[in-house]
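For the protein sequence lines, the chains are A and B, in the order given. Heads up: the first sequence begins at 1 in this note's numbering, then just goes up one per residue. Heads up: the second sequence begins at 1 in this note's numbering, then just goes up one per residue. Glycine included, C-beta positions come from ideal geometry on N, C-alpha and C. Input: a single structure, listed below in structure tokens.
Number of protein chains: 2
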Amino acid sequence: MAIFSFPVNIGAAASQSGVSAKMIRHYEQIGLMPALKRTDAGYRTYAEADVHMLRFIRHARDLGFPVKQIAALLGLWRDRRRPSAKVKALALEQLAELNAKIDELQAMKRTLEELAAHCQGNDRPQCPILDELARPDLAVVGSPARRKRASRFGA
Amino acid sequence: MAIFSFPVNIGAAASQSGVSAKMIRHYEQIGLMPALKRTDAGYRTYAEADVHMLRFIRHARDLGFPVKQIAALLGLWRDRRRPSAKVKALALEQLAELNAKIDELQAMKRTLEELAAHCQGNDRPQCPILDELARPDLAVVGSPARRKRASRFGA
DNA sequence: ACTTGACGTTGCCATCATGGGAAGGTTTAG
DNA sequence: CTAAACCTTCCCATGATGGCAACGTCAAGT
């Protein structure tokens with residue numbers, strides 16, 4: 001299935017890996033990808049292994065891993081003597097992150113559903129949603145303990 | 001319970017509303033808060049109604065509403081002739097957003113749990129997590145259809 | 001060989017909500 | 001009167017991503 005002849009340019013690397021050319025350059029700049037070979041004209045060239053690495057990165061991103069963690073995963077991937085426990089630890093850490101974010105969003109969801117359920121949604125102005133938002137004490141329902149300025153579910 | 005005598009400075013407005021002084025200034029700058037009164041020295045002053053508005057904003061943020069939607073909510077809040085249906089529509093829209101994000105995160109979670117479950121997590125290097133990340137075809141389990149560059153759950 | 005279009009390069013700006021800090025003015029309590 | 005605690009504005013950073021501009025390069029068709 002070697003439709004492409006390696007090494008390829010950034011465009012082909014992008015379409016084969018699912019990582020945009022923009023992001024490929026970005027990953028190189030922040031040091032996630034190792035230094036790359038260039039043609040005389042300055043074009044980046046990607047060997048098959050490089051495309052594999054990009055694919056790896058993309059899959060990790062698809063699972064929500066932040067770049068820092070991906071760097072760690074790549075390190076373990078390359079290290080043929082890694083203990084799989086280290087990989088699993090990273091995975092479980094990320095799982096905890098995902099769970100925290102899910103919990104946070106679900107708390108919001110519950111509260112908002114509650115509010116919406118009590119709103120008539122007609123032509124009259126009376127609206128418990130606004131009333132509650134204006135209250136001094138609204139709290140997000142079921143929010144696990146007191147979120148002290150929770151990570152506002154950023155990437 | 002009027003412990004504070006209005007109008008207050010930005011610090012008191014912040015601690016009373018739960019919105020940081022930093023963000024209060026920001027909201028003013030982007031036009032979410034109306035123009036404010038200042039003392040001769042240039043200090044912003046907040047009347048009780050202003051603090052109420054800040055609290056409203058914060059509650060809306062706590063439910064995940066983006067600033068644009070909050071602007072709309074504030075408009076409806078001020079409009080005593082609003083149809084509650086408009087408020088409800090905004091709430092349901094936000095609810096749909098939350099659900100989409102939750103679904104996305106849960107798809108990641110399922111996939112990652114799957115991978116982690118098959119990893120021994122011991123001293124040996126063999127690790128299905130890395131193996132799968134390196135595969136060309138990994139897909140996030142249960143991801144509703146093909147996410148075409150899904151909103152990477154940004155704020 | 002020359003033009004053209006597709007592709008590559010760098011660099012800067014924008015998003016979104018938020019925090020940090022510097023450099024400087026003000027107010028208030030001791 | 002001084003020192004602490006406040007306030008002001010302005011700039012920079014985060015994280016991952018996209019967009020655009022200005023410009024260089026390569027391959028294909030005339």
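Remark: fewer than three beta-carbon pairs, one from each stretch, lie closer than 8 angstroms, so the stretch 26-39 of chain A and the stretch 100-108 of chain B are not flagged as touching. Here the stretch 111-123 of chain B lies against the stretch 84-97 of chain A, with 3 or more beta-carbon pairs under 8 angstroms apart.
Pairing Q69/A with L54/A gives a Cβ-Cβ distance that is not under 8 angstroms. Burial check for P7/A: the Cβ neighbour count within 10 Å reaches 16 or more, so the residue is buried. Distance check between N122/B and each of V51/A, M23/A, P83/A and L73/A places P83/A closest, using alpha-carbon atoms only. Cβ neighbours of R38/B within its own chain (closer than 8 angstroms, five residues either side excluded): R44 and T45. Chain A has no Cβ within less than 8 angstroms of the Cβ of F6/B. Under DSSP, Y46/B takes part in a beta bridge, and its partners are V8/B.
Distance between A134/A and L36/B, taken at the CA atoms: about 20 angstroms. Annotation: Cβ neighbours of P83/B in chain A (cutoff 8 angstroms, chain order): N122, D123, R124 and P125. About 5 angstroms separates the CB atoms of V87/A and I129/B; that is less than 8 angstroms, so the two are in contact. Nearest CB-CB separation between M23/A and chain B: not below the 8 angstroms threshold. Around the beta carbon of G64/B, 16 or more other beta carbons sit within 10 angstroms, so the residue counts as buried.
For L95/A, the enclosing alpha helix (DSSP H) starts and ends at S84 to A117. DSSP places R81/A outside both helix and strand once states are collapsed to three, so it counts as coil.
With at least 16 other beta carbons inside 10 angstroms of its own, Q16/B counts as buried. A direct Cα-Cα distance of roughly 42 angstroms separates N99/A from S5/A.
Listed by position along chain B, the residues whose Cβ is nearer than 8 angstroms to that of V140/A are D62 and L63.
Against chain B, the CB of P136/A has a partner CB under 8 angstroms away; the residue lies at that interface. Distance check between D137/A and each of G75/B, R124/B and H52/B places H52/B closest, using alpha-carbon atoms only.
When CB distances to chain B are screened at a threshold of 8 angstroms, the residues of the stretch 95-123 of chain A falling below it are L95, L98, N99, K101, I102, L105, Q106, M108, K109, T111, L112, E113, L115, A116, C119, Q120, G121, N122 and D123, in chain order.
One thing to note: L73/B has its Cβ within 8 angstroms of the Cβ of A60/B. Excluding five sequence positions before and after N9/A, the CB atoms of its chain that fall closer than 8 angstroms to its own CB belong to Y43, R44, T45 and Y46, given in chain order. Taking CB atoms only, A91/B has a neighbour in chain A less than 8 angstroms away. Residue pairing by DSSP puts R38/B in a beta bridge opposite R44/B. If you check each beta-carbon in the stretch 38-60 of chain B against every beta-carbon of chain A, the ones closer than 8 angstroms belong to H52, R55, F56, H59 and A60.
Put simply, the backbone Cα of G75/A is about 42 angstroms away from that of A21/B. Listed along chain A, the residues sitting closer than 9 angstroms to L130/B by beta-carbon distance are F56, L73, L76, W77, R82, S84 and V87.
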